[in-house]
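The structure appears below as structure tokens.
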Amino acid sequence: MNFDLSEEQILWRDAVHDFVAKEVQPKAREVDERSEFNWDAARKMGPLGLLGLNVPEEYGGSGMDALSAALAVEQLGWGCGSTALAIAAHNGLGCAPIANYGSAELKQRFLPKAATGEGRLAALALTEPGAGSDLKGGVQTRAELQGDEWVINGSKMWCTNASIADFIVTLVRSEPEALSLIVVPTDAPGLSIGPAEKKMGLHGSPTHAVSYQDVRVPAANLVGERGKGLAYTLATLDGGRIGIGALSLGLAQAALDEALKYAQERHTFGQPIAQHQAVQWMLADAETQLQAARLLVYKAAWTKQQGRPFSQLAAMAKLFATEAAEKICRDAIQIHGGYGYSSEYAVERIYRDARLMTIGEGTSEIQRLVIARHLLAGSN
144 MNFDLSEEQI LWRDAVHDFV AKEVQPKARE VDERSEFNWD AARKMGPLGL LGLNVPEEYG
204 GSGMDALSAA LAVEQLGWGC GSTALAIAAH NGLGCAPIAN YGSAELKQRF LPKAATGEGR
264 LAALALTEPG AGSDLKGGVQ TRAELQGDEW VINGSKMWCT NASIADFIVT LVRSEPEALS
324 LIVVPTDAPG LSIGPAEKKM GLHGSPTHAV SYQDVRVPAA NLVGERGKGL AYTLATLDGG
384 RIGIGALSLG LAQAALDEAL KYAQERHTFG QPIAQHQAVQ WMLADAETQL QAARLLVYKA
444 AWTKQQGRPF SQLAAMAKLF ATEAAEKICR DAIQIHGGYG YSSEYAVERI YRDARLMTIG
504 EGTSEIQRLV IARHLLAGSN
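Here is the structure:
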């Protein structure tokens, strides 16, 4: 059993890390304080392949394997949670359904600009006031086929990237008992994007309510087959959970890096606090949890790229990595003491960013349900 990354994957990871260290991490505090997306960095990501991780090369993407994509998101998370979430959602939620299930014509219309950086980002709208974890029964946004157009009415919540996207892949009820995915350009008449939500963290990753009032789009904007939107969405979320797990690895690594640095610089009782057993135990636990989480995330990504069932592994990776990251970030604050509660140090921002990860793209409780159902069914 070989746990080593390939030479190409190592070169890719290091290249992304260098880019993030130069273009993303130095702006993380400013992004958080101003609640502004880092467009300067994002516009430079297209040529690197970071905006088309799962988009085929023929449509302008880099067509990365799942593990290479996870490596990239991990490095972005290390640099800035806000930027990482926006880019992860763009790739894994906005572009992925079109790349995986869309017609050739739909891919050609929407993916090249999104993947190369010529356009803006992509988004996916699922959640509604009455539909979070219960998409099957809760989605009330409706789409009616009138001639050669879909007419959409309804509202969505917590749509990441809505204000910085050229299009929103929208989950709609296309018939009483079935859902569909439809691509809606953000400049479509009748589509309204609300103000950015005020959140605990991830201030530079805009999240919005979206309203659809008689929004008309071509019938050809349907993703895949009519009535299969829920299946497409659940499969997309499985892949997205690997991305959130990878992002959490990056956040946890950043927090641990800060804690290690501070523990060796801060002195009490005549020695660095890194020499105190209580601090050493927190550092040891953090490293152990981080390495275990990394193995789970990488295994889930590797399994996906082998074409094997990966839903249970994705849920396990997301569950463990996000909860481990939250604890690592919390302990990093504890190691900093009072300074950890100050915005002058990065750990409080990293913790606030990490806190969402156990909620978004399926709560920890939903992940446990997914894992248990696979166990009880005797499947992966």
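144 is the number of the first residue of the sequence shown in my numbering; add one for each residue after it.
We treat Cβ as the ideally placed atom computed from N, Cα and C, and that holds for glycine.
According to DSSP, what are the bridge partners of residue i?
| i | result |
| --- | --- |
| residue 302 | 351 |
| residue 296 | 285 |
| residue 321 | 318 |
| residue 365 | 325 |
| residue 410 | 415 |
| residue 313 | 268 and 325 |
| residue 565 | Residue 565 cannot be examined here, being either before or after the span of the chain that is shown, 144 to 523. |
| residue 274 | 271 |
| residue 360 | 293 |
| residue 308 | 264 |
Hey, would you say residue i sits closer than 7 angstroms to residue j, going by beta carbons?
| i | j | result |
| --- | --- | --- |
| residue 165 | residue 202 | no |
| residue 299 | residue 353 | yes |
| residue 455 | residue 517 | yes |
| residue 297 | residue 375 | no |
| residue 472 | residue 441 | no |
| residue 306 | residue 336 | yes |
| residue 163 | residue 218 | yes |
| residue 391 | residue 462 | no |
| residue 497 | residue 394 | yes |
| residue 197 | residue 258 | no |
| residue 460 | residue 388 | yes |
| residue 256 | residue 373 | no |
| residue 464 | residue 210 | no |
| residue 237 | residue 265 | yes |
Taking the straight line between their C-alpha atoms, what separation do you get for residue i and residue j?
| i | j | result |
| --- | --- | --- |
| residue 274 | residue 230 | 24 angstroms |
| residue 159 | residue 214 | 9 angstroms |
| residue 110 | residue 313 | Examination of residue 110 is not possible in this model, given that the chain is present from 144 through 523 alone. |
| residue 171 | residue 371 | 39 angstroms |
| residue 469 | residue 432 | 11 angstroms |
| residue 302 | residue 311 | 9 angstroms |
| residue 286 | residue 212 | 33 angstroms |
| residue 408 | residue 267 | 44 angstroms |
| residue 156 | residue 319 | 46 angstroms |
| residue 291 | residue 181 | 38 angstroms |
| residue 271 | residue 283 | 8 angstroms |
| residue 341 | residue 263 | 22 angstroms |
| residue 438 | residue 150 | 18 angstroms |
| residue 362 | residue 317 | 12 angstroms |
| residue 421 | residue 481 | 16 angstroms |
| residue 511 | residue 414 | 43 angstroms |
| residue 190 | residue 152 | 17 angstroms |
| residue 519 | residue 488 | 45 angstroms |
| residue 183 | residue 225 | 14 angstroms |
| residue 188 | residue 177 | 21 angstroms |
| residue 281 | residue 148 | 42 angstroms |
| residue 451 | residue 521 | 15 angstroms |
| residue 315 | residue 343 | 29 angstroms |
| residue 418 | residue 404 | 13 angstroms |
Under 8 angstroms Cβ to Cβ from residue i, same chain only, skipping five residues before and after it: list those, please.
| i | result |
| --- | --- |
| residue 186 | 260 |
| residue 364 | 249, 293, 325, 326 and 327 |
| residue 242 | 197, 198, 199, 202, 204, 250 and 254 |
| residue 425 | 402, 474, 477 and 478 |
| residue 430 | 399 |
| residue 154 | none |
Within the same chain, show all residues whose beta-carbon is closer than 6 angstroms to that of residue i, passing over the 5 residues directly before and after it, in chain order.
| i | result |
| --- | --- |
| residue 513 | 458 |
| residue 446 | 453 and 456 |
| residue 235 | 382, 383 and 386 |
| residue 208 | 448 |
| residue 220 | 227, 390, 393 and 394 |
| residue 490 | 398, 401, 475, 476, 479 and 483 |
| residue 276 | 509 |
| residue 321 | 370 |
| residue 503 | none |
| residue 206 | 199 and 200 |
| residue 492 | 175 |
| residue 192 | 205 |
Leaving out five residues on either side along the sequence, give the residues of the same chain with a beta carbon under 7 angstroms from the beta carbon of residue i.
| i | result |
| --- | --- |
| residue 168 | 222 and 223 |
| residue 179 | 347 |
| residue 501 | 465, 466, 469 and 507 |
| residue 396 | 221 and 433 |
Under the assumption that residue i contacts residue j (Cβ atoms under 8 angstroms), give the Cβ distance between them as a whole number of angstroms.
| i | j | result |
| --- | --- | --- |
| residue 416 | residue 406 | 5 angstroms |
| residue 331 | residue 294 | Contact doesn't hold; Cβ gap of about 11 angstroms is too wide. |
| residue 369 | residue 323 | 5 angstroms |
| residue 499 | residue 377 | That belief does not hold up - the Cβ atoms of residue 499 and residue 377 are roughly 21 angstroms apart, past 8 angstroms. |
| residue 357 | residue 329 | Contact flag wrong, Cβ pair sits at about 16 angstroms. |
| residue 349 | residue 304 | 7 angstroms |
| residue 194 | residue 233 | 7 angstroms |
For a test of your reading of the model: does the CB of residue i fall under 6 angstroms from any non-hydrogen atom of the ligand PLP? Yes or no.
| i | result |
| --- | --- |
| residue 407 | With respect to the ligand PLP, the structure shown offers nothing to examine, as it has no ligands at all. |
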